[in-house]
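Colleague: Chains as they are written, first to last, in my numbering: chain A, 7 to 259; chain B, 54 to 163. For every residue, glycine included, the Cβ atom is placed at its ideal position computed from N, Cα and C.
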Ligand SMILES: Cc1cc2nc3c(=O)[nH]c(=O)nc-3n(C[C@H](O)[C@H](O)[C@H](O)COP(=O)(O)O)c2cc1C
Ligand code: SF4
Ligand code: SF4
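1. Just checking my contact of residue 98 (chain A) with residue 165 (chain A) at CB under 8 Å: how many whole Å lie between their CB atoms?
2. Compute the Euclidean distance between the alpha carbons of residue 62 (chain A) and residue 182 (chain A), then round it to the nearest angstrom.
3. Can you list the residues of chain A that residue 131 (chain B) reaches, using a CB-CB cut of under 8 Å?
4. I'd like to check one pair, residue 74 (chain B) with residue 124 (chain B): are the Cβ atoms closer than 8 Å?
5. I'd like the span of the beta strand (DSSP E) that includes residue 248 (chain A), first residue to last.
6. Just the chain A side, please: which residues come within less than 8 Å of residue 156 (chain B) by C-beta, in chain order?
7. So is residue 3 (chain A) buried or exposed if we call it buried at 16+ other beta carbons inside 10 Å?
8. Beta strand (DSSP E) containing residue 82 (chain A): first to last residue?
9. Go through the residues and name those whose CB comes closer than 6 Å to any heavy atom of ligand 2, in chain order.
10. If you reduce the DSSP assignment to three classes, tell me which class residue 64 (chain B) lands in.
11. Within 8 Å (strictly less), CB to CB, does residue 54 (chain B) reach chain A?
12. Compute the beta-carbon to beta-carbon distance between residue 107 (chain A) and residue 145 (chain A), rounded to the nearest angstrom, for a pair I have assumed lies under 8 Å.
13. With a 10 Å radius around its C-beta and 16 neighbouring C-beta atoms as the bar for buried, classify residue 148 (chain A) as buried or exposed.
14. Give the DSSP-derived three-state secondary structure of residue 100 (chain B) in the structure shown.
15. If we define contact as Cβ-Cβ less than 8 Å, is residue 51 (chain A) a contact residue for chain B?
16. Here's a check: name, in chain order, each residue in its chain whose Cβ is nearer than 7 Å to the Cβ of residue 100 (chain B), leaving out the five neighbours to either side.
17. Any heavy atom of ligand 3 closer than 7 Å to the beta-carbon of residue 239 (chain A)?
18. Can you give, in chain order, each stretch of the alpha helix (DSSP H) that sits fully within the region 200–234 of chain A and has at least 4 residues?
19. Within the continuous beta strand (DSSP E) that includes residue 155 (chain B), where are the two ends?
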């Protein structure tokens with residue numbers, strides 16, 4: 007009896023190299039969860055093939071079990087798999103981006119100096135939305151060079167219950183990432199779509215989708231089978247970390 | 054590492070002024086690139102294109118002082134020939150100055 011146990015608990019040398027779960031040895035290979043986290047990339051080109059309904063339902067389960075402050079679960083999901091509807095949302099957002107580009111993009115707008123003024127004011131009032139990257143992306147969407155949902159056949163919209171405990175936007179982010187990681191582990195590709203924010207510059211979609219108080223549409227997730235193999239590990243910037251230990255601070259990267 | 058000076062905090066950079074900052078940049082190894090175009094297909098900044106025919110079909114970064122490259126390295130991920138990677142990460146300066154970052158590195162399996 008004891009002998010069999012001994013044999014079973016002894017980890018073979020090879021297995022310890024292959025990144026098994028629930029244990030750590032220095033320098034071991036990535037385990038499957040780490041691999042999904044590290045290899046997940048935003049997917050911006052999808053095949054036409056629809057995702058099976060059951061698979062989407064399974065991914066939603068990963069969202070349902072996300073942690074949230076006070077277990078308030080401040081989210082509601084809307085799944086859109088109607089191609090025409092997705093195409094309509096594309097067109098709507100593109101049109102709104104054209105207006106935004108006209109108002110704010112001093113490089114191209116006939117408003118010239120006024121656009122410069124508006125954008126300078128805008129950046130002070132809404133520094134996050136006017137960050138140079140979304141600013142540039144707005145122009146790309148307006149010009150048809152960047153898509154909203156990238157041709158994905160399924161879209162999950164996440165609404166936030168604005169009455170959620172403490173900091174509901176954080177909960178929504180965690181919930182969405184749960185679904186995204188589950189989706190990649192199941193062979194799908196995803197992309198966060200913050201640009202659904204543009205729906206707020208009009209009433210059409212909030213009406214059609216039934217988004218009303220206490221809900222607010224905060225993020226979208228494009229979901230589908232990727233073209234080529236977009237997932238993979240890449241280089242990113244190291245982050246400077248303040249590390250407090252033994253009564254002093256070190257900086258580690 | 055330093056934070057922002059008062060002037061930096063109160064100045065919104067001009068997004069296309071090289072004196073304020075820089076956008077992302079990639080380097081492409083034309084020895085390895087076979088011009089498959091996958092990177093250009095998925096680049097969120099529309100920064101990449103393929104030109105040339107046959108053996109000379111290669112990928113290039115658009116010739117702009119400020120391409121819309123957000124140094125995401127999604128091109129590096131999709132390239133199965135290890136031919137493209139980010140060389141400069143974006144930093145638009147002043148109010149949007151990047152803080153507390155180091156150099157580029159792959160995931161490190163400590
Ligand atoms: C909250 C959020 C919103 C995003 N919105 C968009 C979007 O509207 N369009 C898009 O193409 N990518 C969007 N992204 C994807 C980011 O551009 C991407 O995560 C980032 O460039 C890092 O690349 P990676 O996801 O491949 O690691 C969003 C990401 C997050 C987290
Ligand atoms: S994905 Fe790689 S091989 Fe293909 S065009 Fe881009 S750099 Fe070249
Ligand atoms: S890093 Fe991202 S934005 Fe820059 S060229 Fe590559 S895919 Fe495009």
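Modeller: Result, derived from the coordinates:
1. Translated into positions along the first chain, residue 98 (chain A) becomes position 92. Translated into positions along the first chain, residue 165 (chain A) becomes position 159. Taking a contact as a CB-CB distance under 8 Å, the pair residue 98 (chain A) and residue 165 (chain A) does not count as one, their CB atoms being some 18 Å apart.
2. The sequence position of residue 62 (chain A) within the first chain is 56, counting from 1. The sequence position of residue 182 (chain A) within the first chain is 176, counting from 1. Cα to Cα, residue 62 (chain A) sits roughly 13 Å from residue 182 (chain A).
3. Here residue 131 (chain B) is taken as the residue at index 78 of the second chain, counted from 1. Listed along chain A are 47, 234, 235, 236, 238, each with a C-beta nearer than 8 Å to that of residue 131 (chain B).
4. On the second chain, residue 124 (chain B) is found 71 positions in, with the first residue counted as 1. On the second chain, residue 74 (chain B) is found 21 positions in, with the first residue counted as 1. With respect to residue 74 (chain B), residue 124 (chain B) sits apart: the two C-beta atoms are not nearer than 8 Å.
5. Locating residue 248 (chain A) in the first chain gives position 242, where the first residue counts as 1. 247–251 is the span of the beta strand (DSSP E), which, as asked, contains residue 248 (chain A).
6. Your numbering for residue 156 (chain B) matches position 103 in the second chain. The contacting residues are 243, 244.
7. For chain A, the structure presents residues 7 to 259; residue 3 (chain A) sits outside this window and is missing.
8. Numbered from 1 along the first chain, position 76 holds the residue referred to as residue 82 (chain A). Start and end: 81–86.
9. Matched residues: B:81, B:86, B:87, B:88, B:89, B:90, B:91, B:92, B:103, B:112, B:131, B:132, B:134, B:136, B:137.
10. Position 11 of the second chain, counting from 1, holds the residue named residue 64 (chain B). Shown here, residue 64 (chain B) sits in coil according to DSSP, grouped into three states, outside any helix or strand.
11. Translated into the one-based positions of the second chain, residue 54 (chain B) becomes position 1. Model confidence at residue 54 (chain B) stands at a pLDDT of 48, short of 50, so the residue's coordinates are unreliable; what they give is reported in the following sentence. Put simply, the CB of residue 54 (chain B) is near chain A, with a gap under 8 Å to one of its CB atoms.
12. Your numbering for residue 107 (chain A) matches position 101 in the first chain. Your numbering for residue 145 (chain A) matches position 139 in the first chain. Rounded, the Cβ-Cβ distance is 5 Å, consistent with contact.
13. Translated into positions along the first chain, residue 148 (chain A) becomes position 142. With 16 or more Cβ atoms within 10 Å of its Cβ, residue 148 (chain A) is classed as buried.
14. Your numbering for residue 100 (chain B) matches position 47 in the second chain. Correct three-state label for residue 100 (chain B): coil.
15. Residue 51 (chain A) sits at position 45 when you count from the first residue of the first chain. For residue 51 (chain A), the nearest beta carbon of chain B is closer than 8 Å to its own beta carbon.
16. Position 47 of the second chain, counting from 1, holds the residue named residue 100 (chain B). Sequence-distant Cβ neighbours of residue 100 (chain B) in its own chain, meaning closer than 7 Å and more than five residues away, are 114, 115, 120, 121, 122.
17. The residue you call residue 239 (chain A) lines up with position 233 of the first chain. The answer is no for residue 239 (chain A).
18. The qualifying runs are 210–215.
19. Taking the second chain and counting its residues from 1, the one referred to as residue 155 (chain B) is at position 102. Run containing residue 155 (chain B): 154–158, per the beta strand (DSSP E) assignment.
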